[in-house]
Amino acid sequence: MRRTPRTSRSIDRSIPSQLVLRPRTSLSPHCAALTCSPLLRTTSAPFSTSTSYNSLLSNDREKHVASIRKWQKRLLGDSEPIGSRVDPYDASSPIRIRPEETGEEVETLEELAGTQQEEGEEKTVRWASAKSGEPSLYMEADTGAGLAKVGGDKWIQKQKEIQLLERFNMMLAHSGEGYDAVTPKFGPRVKPRTTKDLNALFHQAVVEIYTLDAADINPVFTNTKRHSHDVPKGWTENIQVLWSPEAGVVLKNPDPSTTDRFLKNFYVQQQESLKKKIVSKKTEGKLRSTTRPDIKDAKSTLQFLESASSGVQKDISSLRYEFLQSATQSSQENVSGISRELRNLVTQKASKSTTVVKPELQGVAAYNQIAITDPKIQLAFKKRLLELTGHHIPDPTLYSSRTLSALHKAFFTIAQPAPKKVVSSIKLSLAPRSADTKRGANSNNKRPIARRVASPLTRMQNVKIYGKRVGVVERDTRTGIRKVIKYALMERGLAGEGNG
Numbered sequence: 001m002r003r004t005p006r007t008s009r010s011i012d013r014s015i016p017s018q019l020v021l022r023p024r025t026s027l028s029p030h031c032a033a034l035t036c037s038p039l040l041r042t043t044s045a046p047f048s049t050s051t052s053y054n055s056l057l058s059n060d061r062e063k064h065v066a067s068i069r070k071w072q073k074r075l076l077g078d079s080e081p082i083g084s085r086v087d088p089y090d091a092s093s094p095i096r097i098r099p100e101e102t103g104e105e106v107e108t109l110e111e112l113a114g115t116q117q118e119e120g121e122e123k124t125v126r127w128a129s130a131k132s133g134e135p136s137l138y139m140e141a142d143t144g145a146g147l148a149k150v151g152g153d154k155w156i157q158k159q160k161e162i163q164l165l166e167r168f169n170m171m172l173a174h175s176g177e178g179y180d181a182v183t184p185k186f187g188p189r190v191k192p193r194t195t196k197d198l199n200a201l202f203h204q205a206v207v208e209i210y211t212l213d214a215a216d217i218n219p220v221f222t223n224t225k226r227h228s229h230d231v232p233k234g235w236t237e238n239i240q241v242l243w244s245p246e247a248g249v250v251l252k253n254p255d256p257s258t259t260d261r262f263l264k265n266f267y268v269q270q271q272e273s274l275k276k277k278i279v280s281k282k283t284e285g286k287l288r289s290t291t292r293p294d295i296k297d298a299k300s301t302l303q304f305l306e307s308a309s310s311g312v313q314k315d316i317s318s319l320r321y322e323f324l325q326s327a328t329q330s331s332q333e334n335v336s337g338i339s340r341e342l343r344n345l346v347t348q349k350a351s352k353s354t355t356v357v358k359p360e361l362q363g364v365a366a367y368n369q370i371a372i373t374d375p376k377i378q379l380a381f382k383k384r385l386l387e388l389t390g391h392h393i394p395d396p397t398l399y400s401s402r403t404l405s406a407l408h409k410a411f412f413t414i415a416q417p418a419p420k421k422v423v424s425s426i427k428l429s430l431a432p433r434s435a436d437t438k439r440g441a442n443s444n445n446k447r448p449i450a451r452r453v454a455s456p457l458t459r460m461q462n463v464k465i466y467g468k469r470v471g472v473v474e475r476d477t478r479t480g481i482r483k484v485i486k487y488a489l490m491e492r493g494l495a496g497e498g499n500g
């Protein structure tokens, strides 16, 4: 005879099977204990020794409060009535320790009688310390006029821009020279994207960099943006960039006065920095040689400071006069020597026949021949293009561009906005337009212009590019299979089926 095992829980035959198998989901996990479950029995099951669950769902408030007090006494040790706890931070709380008991200082607020005027009332409040007794007065404001506005998204964005500008100026500044971050106007507010604007700004950078390089001025450590306000706008438009094997890069300017005005500010900047360095070195040497007197009291300290400041002022004034006098004498001697050499050269060349060597290449061909392997020129292009356009050229792209034409192409690739879809990036690719095929023989007088040309994939007859997923019906319609299927169904009298 086989023994039947006993179930581990009591079986309630009064619960229907639909309630047991029906899934129940509560709105909140916190309400799970409060929701009535179908498995929660209100009556004792047959042959069950467990007590009834009616006590948990009782509506008697007195029993409920008594149960809470019982468990509160077991957990906390003392049965406190609900709401008997007081706020420890309240001044009237009995459990709060007074400052007099701990020996802390007490700050009292004494309101003095304010002076009333016809226009308004002015309130004067005195804050006094119980220990020091030293009062300090301040005027209580009735309105917020004149207060600085701090906070908000715009204010935070402005502070971030100022911090980034200061960091960027520190990176561009030469070692040992200050760089004043006066106004956050570095670079354009809106980056240019059109071909015309990008070509004009790239040509301006080329002209400015090679003008400074020809004048023996380092184009990397010069503040071109700040010192070009005296030059008329668009002064580089009529300047042609030429190249010859003998002279290299040649800039042909119909108005040389604009170039002189452009270089004038940089010469002044170099003279001022050189003068500051010479004066600082001489004053440091003289100040180190002077002996410092003994400072015993305040009177001797004041006398020492006055004597030291007067001596430094005299040294600076005398050094400035000596420096300016020596600079004028040396410049006069240099000018006279150069004029003598020019006269001798003119007299020698006047008796001989001279030949003018014209540049062989200009325009697009010149860009292809001009090499930019010098790191100084590369960094100057990176900095100046960032100032003019706001587009940053990465270092690998910059150092891999060995010619000016390659840099021009890479710059246009970076300046163009990134396509939002993969289809547009496949269909269009950036490449410079060929000067020989598009412009003919007169292309040497123009600068290279980059145009968007079609991708090689679009020129293939067996390749089609779609902007979205193509369905079966659309694919069959384009290939003509859909029409064949339609005619076949019509012949069989099934024109209404599958004709969609």
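In the UniProt record's numbering, the protein residues as written are 1 to 500. Ideal Cβ positions, reconstructed from N, Cα and C, are used throughout, including at glycine. The structure presented is a predicted model; accordingly, all values stated were derived computationally and were not measured.
Cβ separation of residue i and residue j, assumed to be a contact under 8 Å, to the nearest whole Å
i: PRO417; j: ARG193; result: 6 Å
i: GLY390; j: PRO188; result: 5 Å
i: ALA410; j: THR397; result: 5 Å
i: LEU388; j: LEU164; result: So it is not a contact: roughly 19 Å between Cβ atoms.
i: LYS427; j: ILE465; result: 6 Å
i: SER405; j: ASN462; result: About 34 Å separates the two Cβ atoms, so there is no contact after all.
i: ALA145; j: VAL241; result: Between VAL241 and ALA145 the Cβ distance is about 58 Å, and since that is not below 8 Å, they are no contact.
i: VAL249; j: ILE370; result: 6 Å
Burial state of residue i, where buried means 16 or more other Cβ atoms lie within 10 Å
i: GLU161; result: exposed
i: TRP243; result: buried
i: TYR210; result: buried
i: GLY480; result: exposed
i: HIS392; result: exposed
i: SER401; result: buried
i: HIS64; result: exposed
i: ILE372; result: buried
i: ALA141; result: exposed
i: LEU457; result: exposed
i: ARG459; result: exposed
i: ILE239; result: buried
i: ARG384; result: buried
i: PRO198; result: Pro is not the amino acid found at residue 198; the sequence shown has Leu there. Burial call: buried.
i: LEU407; result: buried
i: THR25; result: Its pLDDT being 49, under 50, THR25 is placed unreliably by the model, and the measurement read from it follows with that caveat. With fewer than 16 Cβ atoms within 10 Å of its Cβ, THR25 is classed as exposed.
Bridge partners - residue i, DSSP secondary structure assignment
i: VAL241; result: LEU251
i: THR403; result: ALA371
Same chain only: Cβ atoms within 6 Å of residue i, ignoring 5 sequence neighbours per side
i: LYS204; result: First, the residue type needs correcting, since residue 204 is Gln and not Lys in the sequence shown. If we look at GLN204 and ignore the five residues flanking it on each side, its Cβ neighbours are THR236.
i: SER425; result: PRO419
i: ASP476; result: ARG482
i: VAL422; result: none
i: LEU263; result: ALA215
i: LEU386; result: HIS392
Chain-order list of residues whose beta-carbon lies under 7 Å from that of residue i (same chain, five-residue window excluded)
i: THR259; result: THR211, ASN253
i: LYS382; result: ILE393, LEU398
Own chain partners of residue i with C-beta closer than 8 Å, once the 5 adjacent residues on each side are dropped
i: TRP155; result: LYS149
i: GLU341; result: none
Say whether the stretch 376 to 387 touches the stretch 247 to 258, bearing in mind that this needs 3 or more beta-carbon pairs closer than 8 Å, one atom from each stretch. For the pair of segments examined, the stretch 376 to 387 was found not to touch the stretch 247 to 258: the number of CB pairs separated by less than 8 Å stays below three.
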